[in-house]
Amino acid sequence: MRWLPPLRLAAHIAAFEWRLQLRGPVFWAGAAIFFLLTFGATTVDQIQIGSRGNVHVNSPYAIVQTLAVMGIFALFVVVGMVANVVIRDDETGFAALIRSTPMGKGPYLLGRYAGACAAAFLVLACIPLAIALGALMPWQDPEKIAPLRWSHYVWPLLTFALPTLLVTSAAFFALATATRSMMWTYVGAVAFVVLYLVMRGALRDPRHDTMAALLDPFGLSALSIATRYWTAAERNTLLPPLAGPLLANRLLWSGVALALFALAWRIFRFEQRGVRAGQPAADDGSGTAAAQLEPRRTDTAGAHAATWPAQWWALTRFEAAWVLRSPAFFVLLGIGLINSGGSMWFAGELYGSPSYPVTRLMVESLLGAFTIMPVIIAIYYAGELVWRDRERRVHEIIDATPAPDWTRLLPKITAICLVLLCTVAVAAASGVALQLLRGYTHVQLDGYLLWFVLPTAIGSVLLAVLAVFVQVLVPAKPLGWGVMLLSLVATLSMANAGLEHNLYTYAGTPPVPLSDMNGMGRFWIGAAWLQAYWSAFAVMLVVLAQVLWRRGADTSLRMRLVRAPARLRSPAGLVFGAAMLTWLGIEFGLVRDG
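Under the numbering used here, the sequence shown has 64 at position 63, and the numbering climbs by one with no breaks.
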């Protein structure tokens with residue numbers, strides 16, 4: 002019974018890792034993105050994951066296929082949650098304390114890995130949960146809904162999601178152990194996805210079905226073979242049998258997962274690495290803006306006209322750099338690029354006949370498959386930036402500095418704008434790269450800029466401003482995320498209920514059709530006026546967020562509302578008044594013109 006104490010220790014470490022992961026940003030970002038994507042695919046006809054045909058949106062086949070497809074997207078969540086645990090202690094400087102204890106590397110690695118995998122499995126569980134809740138929405142067509150049977154949701158989780166999670170987590174757990182670098186681990190994840198897509202394309206011939214079924218770590222090929230000749234009635238009622246190529250695939254990759262974890266255990270070194278004298282500590286990007294607020298002037302009445310642009314830019318650069326170095330950002334960006342890459346590759350294909358990858362098709366694919374990612378990034382990092390100083394317990398130091406009020410809020414919003422612009426620019430660059438990869442050289446860069454980058458960035462920034470305003474009002478960050486999630490669900494519900502007018506749908510704009518001959522034509526004019534309308538409203542929200550910003554010890558909303566009128570008797574009040582007049586003027590013009 003000598004193995005009982007190590008197992009108890011491993012269980013204790015797993016419980017600690019589980020609690021730590023549930024408080025981490027990658028967990029909440031992954032849970033939000035998977036829930037929203039799946040809920041949208043279940044409740045909105047324009048959003049589709051996989052190819053369901055005429056089967057029920059919550060049929061057993063649809064649930065299995067959705068979990069298998071989302072397993073590819075979950076790759077970056079797994080890297081951010083599981084692969085990071087093996088090098089996190091070294092990055093934070095906590096490894097020396099751990100390695101000074103009599104604990105061995107067996108309980109340490111097993112506990113860390115099991116706790117992180119359990120948290121990642123909970124993220125994947127959001128997928129069937131979103132399908133179940135989406136099927137209960139009142140606007141759903143009863144003809145598209147199957148009866149609720151919990152076995153249809155639990156069985157795919159255990160047979161598809163869990164083996165895929167184990168093999169991908171073990172693979173990148175071993176890669177992170179070998180490289181001791183999250184950057185190289187992310188590079189390995191991208192290379193893994195590219196190789197997987199190449200393998201799927203190379204083995205598309207039916208003669209290679211057996212090999213494709215065995216070599217697919219996500220099980221999509223095996224699922225396709227097992228259900229190839231199923232009728233719609235069978236897909237609506239039956240779960241794929243765990244037999245034949247499907248069973249062999251799941252057993253094979255479960256064994257590969259075990260072998261990869263054994264490899265990670267073999268190459269992991271529990272000994273403390275030496276540190277050269279005078280070597281600076283690594284900056285993990287988790288600092289605060291306190292250093293940026295160090296006084297550099299003699300006046301304390303506010304920022305001097307000659308210094309405030311430099312201060313604004315310094316704080317904006319600091320906040321944006323923190324976002325761009327965070328693992329959650331790479332996770333969300335990677336998921337978006339994978340989803341949009343597949344959509345762009347098959348854009349315009351009709352009955353197996355490919356089309357030229359013209360810029361219009363690339364932009365339409367990006368608008369349909371990628372635009373949810375900037376929205377998630379905007380909402381998520383609005384909460385992170387608003388609450389970061391308080392979570393690091395340095396807000397009292399920052400609040401005590403003579404820095405003006407705008408330094409608390411405006412650089413954060415500007416940083417989110419820069420991050421969103423970089424995000425959509427990377428997505429546009431992926432479209433250009435795909436066109437060149439397919440041998441198409443007539444790339445319309447102005448089309449990417451005017452049709453995709455600018456409208457997507459503007460819409461995402463508007464939602465970021467709303468998310469910041471909500472985070473300023475609510476007493477806790479998760480509550481702000483929940484409010485924004487409810488607002489997105491409410492927007493979908495209102496649209497399906499017929500309440501879809503863009504004058505009361507925040508950041509709403511009419512669809513702008515694209516043409517290869519004349520681009521957006523004159524359809525962009527109406528969208529531009531509504532963007533100006535909601536931009537003016539967003540400026541009002543920014544001013545309100547500034548006057549209601551938490552500063553000092555008394556942070557209750559009631560007291561901040563009491564002080565708000567006095568704080569509006571300043572240049573902020575003039576900005577608020579100008580924005581309100583612009584907003585009302587544009588609304589009057591839009592209503593008058595119909």
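Ideal placement from N, C-alpha and C gives every residue a C-beta, glycine not left out. Bear in mind that the values here come from a model prediction, so they are computed numbers and not experimental data.
- For Ala136, the uninterrupted alpha helix (DSSP H) run begins and ends at 106-136, by DSSP.
- In its chain, beyond the 5 residues on either side, Leu76, Val79 have a beta carbon closer than 6 Å to the beta carbon of Thr169.
- A check of alpha carbon separations from Ile380 across Ala315, Pro405, Leu463 identifies Leu463 as the nearest.
- Membership of Glu320 in the alpha helix (DSSP H) is indicated by the continuous run 309-325.
- Annotation note: the segment 205-279 contains the following uninterrupted alpha helix (DSSP H) runs of length 4 or greater, listed N- to C-terminal: 210-216, 221-227, 233-238, 245-268.
- Between the alpha carbons of Gly578 and Gly520 lies a gap of roughly 37 Å.
- Ser516 is bridged by DSSP to Gly520.
- A Cβ-Cβ separation of about 5 Å places Ala580 in contact with Ala537 under the 8 Å criterion.
- Inter-residue distance for Leu198 and His209 is about 15 Å (C-alpha atoms, whole angstroms).
- Contact annotation: Ala321 and Ala416 have beta-carbon atoms nearer than 8 Å.
- With respect to the C-alpha of Trp550, the residue from Pro572, Thr442, His396, Pro129 having the closest C-alpha is His396.
- Taking 8 Å as the cut-off, the Cβ atoms of Phe174 and Tyr109 do not count as close.
- Just so you know, the alpha carbons of Leu421 and Leu450 end up roughly 14 Å apart.
- Here the segment 124-132 lies against the segment 52-67, with 3 or more beta-carbon pairs under 8 Å apart.
- With fewer than 16 neighbouring CB atoms inside 10 Å of its own CB, Trp151 falls in the exposed class.
- In terms of Cα proximity to Trp452, the closest of Ser571, Phe219, Val513 is Val513.
- The segment 362-370 makes no contact with the segment 525-534; the number of CB pairs closer than 8 Å stays below 3.
- Using a Cβ distance threshold of 8 Å, Leu243 and Thr160 count as a contacting pair.
- With 16 or more other Cβ atoms from the protein chains shown falling within 10 Å of its own Cβ, Thr39 counts as buried.
- Contact between the segment 334-343 and the segment 426-435 is present, with at least three C-beta pairs closer than 8 Å.
- The Cβ atoms of Gly107 and His13 lie no closer than 8 Å to each other.
- Rounded to whole angstroms, Leu585 and Glu392 show a C-alpha spacing of 38 Å.
- Taking a 10 Å sphere around the C-beta of Trp323, we find 16 or more other C-beta atoms and assign the residue as buried.
- In the DSSP annotation of this structure, His57 is not part of any alpha helix (DSSP H), being labelled neither H nor E.
- Within 10 angstroms of the beta-carbon of Gly590 lie fewer than 16 other beta-carbons, which makes it exposed.
- Counting along the chain, the unbroken alpha helix (DSSP H) around Leu38 starts and ends at 26-44.
- Residue nearest to Ala147 within the set His443, Leu253, Leu435, Asn55 is Asn55 (criterion: CA-CA distance).
- Under the DSSP assignment, Lys413 falls in the alpha helix (DSSP H) whose first and last residues are 407-438.
- Take the alpha-carbon of Gln141 and the one of Thr492: they are about 15 Å apart.
- With fewer than 16 other Cβ atoms from the protein chains shown falling within 10 Å of its own Cβ, Val155 counts as exposed.
- Per the coordinates, the alpha-carbon of Cys423 lies some 12 Å from the alpha-carbon of Ser461.
- Around the beta carbon of Trp185, fewer than 16 other beta carbons sit within 10 angstroms, so the residue counts as exposed.
- The beta-carbon distance between Ala171 and Phe262, rounded to whole angstroms, is 4 Å. This is short enough to meet the 8 Å contact definition.
- Here the alpha carbon of Ile399 sits roughly 20 Å from the alpha carbon of Met560.
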